[in-house]
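The letter at position 149 of the sequence shown is residue 130 when you use the working numbering, and the numbering goes up by one with no holes. Heads up, the thing below is written out as structure tokens.
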Amino acid sequence: MPLRSKFVLSLAAFAVLSLGSAMSARADIIIVSGNVPQTDENVLFMAPATGNPVFGVTNMTNFSVRFLGTETLNAETAMGQARVMAADGSLNNLTIDLASTAGSPANATFTSLILNPDASANGMITFTVTEDNGMITMGTFSLTGTGSNFFTITAINGQRILSVNFTTTVALDDASQFRIGGAQSITTVIPEPTTMLLLGTGLAGIAAKVRRRRKA
């Protein structure tokens, strides 16, 4: 077999293997109800804030934590815990990530998030967790209008969380007691499976064309 043909076929095989690895390396995200302690740190607001988004900070590593809603938010630190509310008193959508300005992408990822949404009535909450490789994990849980509604979200097997969003079917009085673990600055870009699929498909096509030429 000509050297060029061997090279193309080897490259195509590598792409297919890489595609398989990217697909099987789908991030592992676990969402559970309850406060499951992690190796994490508290999120605080240095001063009361109003806006959308509002920014807190992790109390040990000093990462900026962005809270983005669909309306104006009020934020404060009460009894040593971060508390985020809607200005109209009816919070039902919030995204949390590690970004330092309103319009910038997240500049860090994390491995765990604990929070306590305070529901005004019984209802449902849906979490959408986006990982740093673009994969998305969702989970829907019950909310109670009385008592705590703690949830713990963790990434395992080396995966990392880029952002967490939640939406609710009932208004929240607030969301509070945020704790974030494993905060780490983004230093590399992980190829998405769709990118690997396009690469593998293209190289496989090249290899097939080389084989047809050899037969001719």
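Each residue gets a CB set at the ideal place from its N, CA and C atoms; glycine is no exception. It should be emphasised that the depicted structure is a prediction, and the values quoted were computed from it without experimental measurement.
The beta-carbon distance between alanine 87 and leucine 143, rounded to whole angstroms, is 6 Å. This is short enough to meet the 8 Å contact definition. Excluding five sequence positions before and after phenylalanine 159, the CB atoms of its chain that fall closer than 6 Å to its own CB belong to Val24, Ala63 and Leu96, given in chain order.
Taking every protein chain shown into account, the CB of glutamate 57 has 16 or more other CB atoms within 10 angstroms, so this residue is buried.
For proline 98, the uninterrupted beta strand (DSSP E) run begins and ends at 93 to 100, by DSSP. When DSSP reads this structure, alanine 156 sits in a beta bridge with Val65 and Pro98. Selection Val145, Ile134 and Thr111 evaluated against glutamine 19 yields Ile134 as nearest (Cα-Cα). In the three-state DSSP reduction, glutamate 52 falls in the coil class, being neither helix nor strand.
Fewer than three Cβ pairs drawn from the stretch 28 to 43 and the stretch 114 to 122 lie within less than 8 Å of each other, which leaves the two stretches out of contact. For aspartate 113, no beta strand (DSSP E) segment is defined, and its DSSP state is neither H nor E.
Around the C-beta of serine 166, fewer than 16 other C-beta atoms lie within 10 Å, and the residue is accordingly described as exposed. Distance between alanine 68 and glycine 32, taken at the CA atoms: about 9 Å. Its chain contains Pro34 as the residues whose beta carbon lies nearer than 7 Å to that of alanine 83, once the 5 sequence neighbours on both sides are disregarded; these appear in chain order.
Within the DSSP bridge table, the entry for isoleucine 142 names Phe91 and Glu112 as partners. Across the set Ala136, Asp78, Leu72 and Gly163, the C-alpha of Leu72 shows the shortest separation from the C-alpha of alanine 152. Beta-bridge partners of isoleucine 10 (DSSP): Ala136. Between asparagine 74 and proline 98, the beta carbon gap of about 11 Å keeps them out of contact (Cβ cut-off 8 Å). Leucine 79 sits away from alanine 136, with the two beta carbons spaced by 9 Å or more.
When the Cα atoms are used, phenylalanine 36 and glutamate 52 turn out to be separated by approximately 15 Å. Setting aside the 5 residues that flank it on each side, serine 81 is surrounded in the same chain by Ser45, each with a C-beta closer than 6 Å to its C-beta; the list follows chain order. Between the C-alpha atoms of glycine 104 and threonine 127 there is a straight-line separation of about 11 Å. The Cβ atoms of phenylalanine 48 and isoleucine 77 lie closer than 9 Å to each other.
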